[in-house]
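Asker: In my numbering, the protein residues as written are 160 to 451.
Beta carbons: idealized from backbone N, C-alpha and C, even for Gly.
As the structure is a computational prediction, the values presented were derived from the model and not from experiment.
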């Protein structure tokens with residue numbers, strides 16, 4: 160695995176950036192297809208996609224920087240260096256919502272209609288982004304021999320267990336057999352390889368890739384064909400991704416932390432609650448319109 164697809168002189172094309180570009184292009188085309196059914200012009204969708212993409216990137220980066228503030232205050236030039244990795248998807252979602260709201264106000268279009276159009280392309284873009292993470296050797300999981308009781312814990316106990324493991328003798332370490340056969344050994348030059356040299360790890364980024372793609376299929380082939388109240392599809396997306404991230408975060412070793420808990424677990428729980436409330440509000444509002 161190499162994060163660089165190819166280089167010409169000093170110019171490098173990295174998988175990470177390529178996946179973001181591909182996600183944008185594919186997302187725009189899918190958005191045009193859905194937007195046409197909603198009576199929106201393709202050029203309008205293109206403009207919206209750019210705003211949503213930029214606001215999502217800004218939100219994702221700011222969220223990550225805030226949770227690693229001490230490092231970035233010491234290395235301020237790294238703040239805009241997104242090509243080095245360091246994006247938080249929950250921040251991206253929040254940034255995308257802000258961008259969608261501002262765009263909808265500017266053009267006097269329902270932000271819920273735009274959100275419904277963006278839902279399936281957005282999670283497909285997230286799936287593509289995980290390919291870039293895989294090439295970078297980041298967003299990685301814990302070693303495959305980590306006991307389930309350590310993996311599935313609300314308060315992360317992996318590193319305390321791992322310290323005990325490293326202090327064990329060879330014979331004691333050999334008792335920990337691999338629990339899954341698909342562990343991946345990442346190059347030592349990657350974040351995953353530098354943290355766990357020459358050890359098979361849970362490919363957490365690939366777990367999320369597969370689950371995101373299944374969520375995309377559901378949103379694209381089922382949700383968009385149903386006559387739900389505007390905004391419901393968007394909030395279903397938020398619920399689906401929150402559930403996916405909650406599951407995958409159990410396997411990840413480097414999740415951001417919030418008062419001793421994994422930040423994605425805390426934020427996902429909040430977003431699920433907000434999403435359920437919004438679905439109820441939007442559905443009730445739609446029924447009242449029908450009665451009138």
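Along the chain, where does the alpha helix (DSSP H) that runs through residue 171 open and close?
Answerer: From DSSP, residue 171 is part of no alpha helix (DSSP H) but of the beta strand (DSSP E) over 170-173.
Asker: Hey, quick one: how far does the alpha helix (DSSP H) through residue 398 stretch, first residue to last?
Answerer: From DSSP, the alpha helix (DSSP H) with residue 398 extends over 391-408.
Asker: What did DSSP end up calling residue 335 once you bin it into helix, strand or coil?
Answerer: It is coil, neither helix nor strand.
Asker: Quick check on residue 169: buried or exposed, where buried means 16 or more other Cβ atoms within 10 Å of its Cβ?
Answerer: Its Cβ having fewer than 16 others within 10 Å, residue 169 is exposed.
Asker: Between which residues of its own chain and residue 258 is the CB-CB distance below 6 Å, once the five residues before and five after are set aside?
Answerer: Once the five neighbours on either side are set aside, the close Cβ partners of residue 258 are 210, 211, 214.
Asker: Let me check one thing: in DSSP terms, what residues is residue 165 bridge-paired to?
Answerer: BP columns for residue 165 point to 172.
Asker: In the DSSP output, which residue or residues are listed as bridge partners for residue 300?
Answerer: Beta-bridge pairing links residue 300 to 411.
Asker: Less than 8 Å between the beta carbons of residue 282 and residue 371, yes or no?
Answerer: Yes. Within cutoff.
Asker: Per DSSP, which residues does residue 420 bridge with? Please list them.
Answerer: Looking at the DSSP assignment, residue 420 forms a beta bridge with 417.
Asker: Spatial neighbours of residue 270 within its chain, please: CB distance less than 7 Å, with the 5 preceding and 5 following residues excluded, ordered by chain position.
Answerer: These residues qualify, in order along the chain: 259, 260, 263.
Asker: Per the DSSP calculation, residue 360 is bridged to which residue(s)?
Answerer: According to DSSP, residue 360 bridges with 302, 343.
Asker: Is the CB-CB distance between residue 221 and residue 194 below 8 Å?
Answerer: Contact flag unset, no.
Asker: What whole-angstrom Cβ distance do residue 404 and residue 427 have, given they're in contact under 8 Å?
Answerer: About 5 Å separates the two Cβ atoms, so the contact holds.
Asker: Whose C-alpha, out of 322, 163, 180, is nearest the C-alpha of residue 172?
Answerer: The residue with the shortest Cα to Cα distance from residue 172 is 163.
Asker: Shortest alpha-carbon distance to residue 181 belongs to which of 311, 287, 202?
Answerer: Comparing Cα positions, the closest option is 287.
Asker: If residue 406 and residue 310 are in contact, beta carbons under 8 Å, what's the gap, nearest whole angstrom?
Answerer: Their Cβ separation, rounded to whole angstroms, is 11 Å, which puts residue 406 and residue 310 out of contact at 8 Å.
Asker: What three-state label does DSSP hand residue 425 in the structure shown?
Answerer: In the structure shown, residue 425 sits in a helix (DSSP, three-state: H, G or I).
Asker: Taking the Cβ atom as the reference point for each residue, do residue 359 and residue 312 lie within a distance shorter than 8 Å?
Answerer: Contact flag unset, no.
Asker: Does DSSP put residue 239 in a helix, in a strand, or in coil?
Answerer: The answer is coil: DSSP assigns residue 239 none of H, G, I, E or B.
Asker: Quick one: what's got a C-beta closer than 6 Å to residue 431's C-beta in the same chain, skipping five residues either side?
Answerer: Here the set comprises 398, 401.
Asker: Does the region 375-395 touch the region 343-355, meaning 3 or more C-beta pairs lie closer than 8 Å?
Answerer: Too few Cβ pairs lie closer than 8 Å, so no.
Asker: DSSP three-state call for residue 247: helix, strand or coil?
Answerer: Correct three-state label for residue 247: coil.
Asker: Out of curiosity, what's the CA-to-CA distance linking residue 420 and residue 414?
Answerer: Distance between the alpha carbons of residue 420 and residue 414 is about 9 Å.
Asker: Taking the straight line between their C-alpha atoms, what separation do you get for residue 424 and residue 207?
Answerer: Cα to Cα, the separation comes out at about 30 Å.
Asker: Using 8 Å for Cβ pairs, my map puts residue 123 next to residue 292. What's the rounded Cβ distance?
Answerer: Any answer about residue 123 is impossible in this case: the structure gives the chain only from 160 up to 451.
Asker: Whose C-alpha, out of 218, 177, 248, 318, is nearest the C-alpha of residue 239?
Answerer: Looking at the Cα atoms, 218 is the closest of the given residues.
Asker: Just to confirm my understanding: we take residue 191, look at its own chain, exclude 5 residues before and 5 after, and list those with CB closer than 8 Å. What are they?
Answerer: Same-chain partners within the cutoff: 201, 204, 205.
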